[in-house]
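These protein sequence lines map, in sequence, to chains A and B.
Using the working numbering, read the first sequence as starting at 372 and increasing by one per residue.
Using the working numbering, read the second sequence as starting at 15 and increasing by one per residue.
Ideal Cβ placement from N, Cα and C applies to all residues, glycine included.
Fair warning: this is a prediction, and the values are worked out from it, not measured in the lab.
Some notes on the structure that comes next.
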Amino acid sequence: MRLENHYYELISMHTDGQSGRFHIALCPDCEVYRGHFPDNPVCPGVCHIQTVKELTERLTGCRLRIRAIRLCRLTAVATPATCPELRVDIRLSPADNGVHVQARMADAERTYMEYQGEMEKDKPETE
Amino acid sequence: MIHEDIRTLVPQRAPMLMVDALLDVGLEGGRTCLTIRHGNYFLDEDGRMEEAGILEHIAQSASAVAGRHAVAAGAASPPVGYIGEIRKFKCHRLPREGETLHTTITLGAEAGGVTLLRGETRAGNALVADTQMKIYLPTE
Numbered sequence: 372m373r374l375e376n377h378y379y380e381l382i383s384m385h386t387d388g389q390s391g392r393f394h395i396a397l398c399p400d401c402e403v404y405r406g407h408f409p410d411n412p413v414c415p416g417v418c419h420i421q422t423v424k425e426l427t428e429r430l431t432g433c434r435l436r437i438r439a440i441r442l443c444r445l446t447a448v449a450t451p452a453t454c455p456e457l458r459v460d461i462r463l464s465p466a467d468n469g470v471h472v473q474a475r476m477a478d479a480e481r482t483y484m485e486y487q488g489e490m491e492k493d494k495p496e497t498e
Numbered sequence: 015m016i017h018e019d020i021r022t023l024v025p026q027r028a029p030m031l032m033v034d035a036l037l038d039v040g041l042e043g044g045r046t047c048l049t050i051r052h053g054n055y056f057l058d059e060d061g062r063m064e065e066a067g068i069l070e071h072i073a074q075s076a077s078a079v080a081g082r083h084a085v086a087a088g089a090a091s092p093p094v095g096y097i098g099e100i101r102k103f104k105c106h107r108l109p110r111e112g113e114t115l116h117t118t119i120t121l122g123a124e125a126g127g128v129t130l131l132r133g134e135t136r137a138g139n140a141l142v143a144d145t146q147m148k149i150y151l152p153t154e
């Protein structure tokens with residue numbers, strides 16, 4: 372499932388090739404909140420990781436795979452009610468056979484996620 | 015095999031329930047499984063589970079171990095936990111729809127409601143992913 376237009380909507384994007392600043396709006400009616408958690412909608416941290424992957428795909432123009440996450444800190448609990456809009460800053464640098472990705476998700480109040488890892492071009496296996 | 019309904023051990027529900035069963039459990043950790051079914055929320059357009067789905071499965075596997083300990087200690091419902099940190103996650107391959115993941119959770123130090131753990135996920139004989147994680151389980 373691509374999360375864009377389900378879990379979040381992209382409001383704006385400014386990029387210079389090696390970095391990007393994205394503004395997104397969380398969708399409060401997204402079906403993930405039926406199960407995470409019933410009557411207590413909380414953003415799954417892994418959906419923020421998937422959001423960073425999708426935004427990095429926009430930045431690079433290729434489908435990517437997450438090869439490694441060096442460190443991802445989820446520093447505050449996010450909910451679509453308390454942080455309806457978020458800023459995602461992504462900076463890329465070269466890595467062996469891929470890119471090193473540094474990302475931060477925040478709003479004016481607080482930082483929700485700090486992320487560092489490596490992604491590589493997706494090569495679907497043929498089976 | 016532990017015959018409890020997984021929903022008594024983790025608070026997540028469809029479409030975010032990413033663990034089928036707790037296979038065994040001890041003080042040092044446990045083992046879980048998940049069969050990746052059609053319609054799984056984290057499948058990409060080629061029928062592969064995305065890394066986020068694997069991470070959620072590992073986190074819920076740890077949550078099931080913690081839930082089992084909490085229920086054994088008398089809790090009426092499983093605790094709601096949050097991922098605090100992911101470190102040294104390596105994804106070796108993306109599993110496909112129809113495959114069954116088997117995950118081993120090894121618990122580490124616990125302090126102030128934060129538990130350090132290691133998770134390793136395999137499908138068949140192949141390593142899918144391994145990671146360290148910190149899970150925050152607020153105590154009542």
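- The continuous stretches of beta strand (DSSP E) do not include Tyr404 of chain A, which lies in the alpha helix (DSSP H) extending over residues Val403 to Gly406.
- Close to chain A, meaning a Cβ-Cβ distance shorter than 7 Å, are the following residues of the segment 18-34 of chain B: Pro25, Gln26, Arg27, Ala28, Pro29, Met30 and Leu31.
- Ala447 of chain A and Gln421 of chain A have their C-alpha atoms spaced approximately 17 Å apart.
- If you draw a straight line from the Cα of Glu489 of chain A to the Cα of Ala87 of chain B, it comes to about 41 Å.
- Its chain contains Glu491 as the residues whose beta carbon lies nearer than 6 Å to that of Asn468 of chain A, once the 5 sequence neighbours on both sides are disregarded; these appear in chain order.
- Under DSSP, Pro465 of chain A takes part in a beta bridge, and its partners are A:Val470.
- Using a Cβ-Cβ cut-off of 7 Å, Arg101 of chain B counts as an interface residue toward chain A, since at least one Cβ of chain A sits closer than that to its own.
- Listed by position along chain A, the residues whose Cβ is nearer than 7 Å to that of Ala66 of chain B are Val417, Cys418, Ile420 and Gln421.
- Cβ proximity to chain A below 7 Å picks out Val94, Tyr96, Ile97, Gly98, Glu99 and Ile100 from the segment 87-100 of chain B.
- By the Cβ-count criterion, Glu380 of chain A is exposed, with fewer than 16 other Cβ atoms from all chains shown falling within 10 Å of its own Cβ.
- Under the 7 Å criterion on CB atoms, Glu70 of chain B is classed as interfacial with respect to chain A.
- Between the C-alpha atoms of Leu445 of chain A and Gly416 of chain A there is a straight-line separation of about 7 Å.
- Those residues of the segment 50-62 of chain B placed with their C-beta closer than 9 Å to a C-beta in chain A are Asn54, Tyr55, Phe56, Leu57, Asp58, Glu59, Asp60 and Arg62, ordered along the chain.
- Gln487 of chain A: member of the beta strand (DSSP E) spanning Thr482 to Lys492, first to last residue.
- Residue environment: Glu42 of chain B is assigned as exposed (fewer than 16 neighbouring CB atoms within 10 Å of its CB, all protein chains considered).
- Leu141 of chain B counts as exposed, since fewer than 16 other C-beta atoms from the protein chains shown sit within 10 angstroms of its C-beta.
- Sequence-distant partners of His52 of chain B (beyond 5 residues in either direction) whose C-beta falls short of 7 Å from its own C-beta, in its chain, are Glu111.
- In the DSSP assignment, Lys102 of chain B is bridged to no other residue.
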